[in-house]
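The opening residue of the sequence shown carries number 0 in numbering that gives the first Met the number 0; numbering runs sequentially from there.
Positions of the beta carbon are idealized from the N, C-alpha and C atoms, including for glycine.
All values reported here derive from a predicted model rather than from experimental measurement.
Notes follow once the structure below has been shown.
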Amino acid sequence: MPEPPTYSRRLILQSGTAASVCALAASQPGLGALAQTANELRGATHHRFTVGTCDVLVLSDGHLVVPAGMLAVNVPESEVRSFLAARAVGPERVRFHINVALVKTGDDYVLIDAGSGGTWEHTAGKLADSLEAADIKPEQIGKVVVTHAHPDHIWGLIDELDDSLRFSRAQYAVAAREFDFWTMGEATRLTGPVEGIAGGARRVFRRIESRSTRIRPGDEVAPGIVAIDTAGHTPGHISLLISSGSDKLLVTADAFQNAHISCAHPDWHPRADMDGEQATKSRRQMLDMAATDKLRVLCYHIPFPGLGRVERKGSAFTWLTEV
0 MPEPPTYSRR LILQSGTAAS VCALAASQPG LGALAQTANE LRGATHHRFT VGTCDVLVLS
60 DGHLVVPAGM LAVNVPESEV RSFLAARAVG PERVRFHINV ALVKTGDDYV LIDAGSGGTW
120 EHTAGKLADS LEAADIKPEQ IGKVVVTHAH PDHIWGLIDE LDDSLRFSRA QYAVAAREFD
180 FWTMGEATRL TGPVEGIAGG ARRVFRRIES RSTRIRPGDE VAPGIVAIDT AGHTPGHISL
240 LISSGSDKLL VTADAFQNAH ISCAHPDWHP RADMDGEQAT KSRRQMLDMA ATDKLRVLCY
300 HIPFPGLGRV ERKGSAFTWL TEV
């Protein structure tokens, strides 16, 4: 049995804020009435584009609403609020969209993460509706790649009532380090707010274990789709590079969480990052690659559909929205 990765209890508990965010969002009046984006007002649930010969769909799983202070914990919250206010964002609460990628490679569909399911937050868990709107049946999906084990990425894999697999034909690719951490490491002994996250990860991973392949950074998880090490947000967090001919798409997952802050202040530590220093290193490497190689980028949590590019700006970067 491989030795599980070690993360300090302090870092694990810091990540537990994600659990309390759900409760906070649910308890505060008026969060569902925040201003909607133009895409949402048009009722957009999916967005189609191509990467070389690959068809790609961005599917909306809805959104979460988080306190602005979640976006950085190593600088004063007043600085975060001022930064957001100057860009007409927040500054009290920020909307995290949930943009799920579906890639058609040959005759098969590859889903990258699966959204929140039906129990995480009432504004999320919309993936099934978006698939239906795009005329894609769950049984058409042959592979699911898991970037990491947070609820808004994996709780949509199984039915919350009977644990049945939502994607009955799929095989699964999960980073070995991520799987081991949540099923064998200290995460198995957590209590308090983060216990629900850890328990949910174990529940999902045990359900898909017999169909899963443990992957490592650099592995080709599906034709033209390669895993990239972006550890820090979680111990085994991965991003993905999709290549078809000369065209490429970088799928960041949660290595990049906010278009404004992640680019302008890549050294700020989001509270949900389990290891802020490692996450910063991964984020800077990813942003540098995106800017150097002029990559098209798909982000999980920025306004739907989450597409754009990154350019250098001094010692930091800037985000250029594509759609």
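{"query": "Cα-Cα separation between residue 317 and residue 143, rounded to whole angstroms", "result": "31 Å"}
{"query": "Assigned secondary structure, residue 52 (DSSP; H/G/I helix, E/B strand, else coil)", "result": "coil"}
{"query": "Beta-carbon contacts of residue 397 that lie in its chain and below 8 Å, excluding the five residues immediately before and after", "result": "Beyond the ends of the chain as shown, which are 0 and 322, falls residue 397; an answer cannot be given."}
{"query": "Cα-Cα separation, residue 68 to residue 193", "result": "18 Å"}
{"query": "Residue environment, residue 121, which counts as buried when at least 16 other CB atoms sit within 10 Å", "result": "exposed"}
{"query": "Helix, strand or coil at residue 29 [DSSP, three-state]", "result": "Reliability fails at residue 29, whose pLDDT of 30 lies under 50, so the model's placement of it is uncertain and no value is given."}
{"query": "Rounded separation between residue 114 and residue 160 - CA only", "result": "16 Å"}
{"query": "Bridge-paired residues (DSSP) for residue 255", "result": "For residue 255, which the question treats as bridged, DSSP gives no partner whatsoever."}
{"query": "Identity of the residue in 282, 60 and 253 nearest residue 266 by Cα", "result": "282"}
{"query": "DSSP three-state assignment for residue 294, whether helix, strand or coil", "result": "coil"}
{"query": "Beta-carbon proximity check, residue 111 vs residue 59, cutoff 8 Å", "result": "no"}
{"query": "CA-to-CA distance, residue 108 to residue 247, given in whole angstroms", "result": "17 Å"}
{"query": "Length-filtered (3 minimum) beta strand (DSSP E) runs lying within the segment 57 to 127", "result": "92 to 104 and 107 to 111"}
{"query": "Sequence-distant residues of the same chain with beta carbon closer than 6 Å to residue 55, five excluded per side", "result": "48 and 102"}
{"query": "Backbone CA spacing between residue 269 and residue 299 [nearest angstrom]", "result": "15 Å"}
{"query": "Residue 188 burial status per 10 Å Cβ neighbour count (16 or more: buried)", "result": "exposed"}
{"query": "Simplified DSSP state of residue 172, which is helix, strand or coil", "result": "strand"}
{"query": "Coil, strand or helix - residue 301 by DSSP", "result": "coil"}
{"query": "Other residues of its chain near residue 119: CB distance less than 7 Å, five sequence neighbours each side excluded", "result": "21, 150, 151 and 154"}
{"query": "DSSP three-state assignment for residue 318, whether helix, strand or coil", "result": "strand"}
{"query": "CA-to-CA distance, residue 80 to residue 106, given in whole angstroms", "result": "47 Å"}
{"query": "Through-space distance from residue 313 to residue 57, alpha-carbon basis", "result": "31 Å"}
{"query": "Those runs of the alpha helix (DSSP H) which lie wholly inside the segment 176 to 256 and span at least 4 residues", "result": "194 to 207"}
{"query": "Close Cβ partners of residue 202 (< 6 Å) along its chain, the five nearest in sequence each way excluded", "result": "none"}
{"query": "Neighbourhood of residue 123 by C-beta, 8 Å cutoff - its chain only, sequence neighbours within 5 removed", "result": "60, 61, 62, 63, 97, 114, 115 and 151"}
{"query": "Status (buried if at least 16 other CB within 10 Å, exposed otherwise) for residue 52", "result": "exposed"}
{"query": "Cβ shell of residue 207 (< 6 Å), same chain only, five flanking positions each side left out", "result": "171"}
{"query": "For residue 309, the nearest candidate out of 261, 84 and 130 (CA to CA)", "result": "261"}
{"query": "Beta-carbon separation (whole angstroms), residue 280 vs residue 231, contact threshold 8 Å", "result": "7 Å"}
{"query": "Through-space distance from residue 302 to residue 95, alpha-carbon basis", "result": "7 Å"}
{"query": "CB contact flag (residue 289, residue 239, <8 Å)", "result": "no"}
{"query": "Among 156, 259 and 241, nearest to residue 251 - alpha-carbon criterion", "result": "241"}
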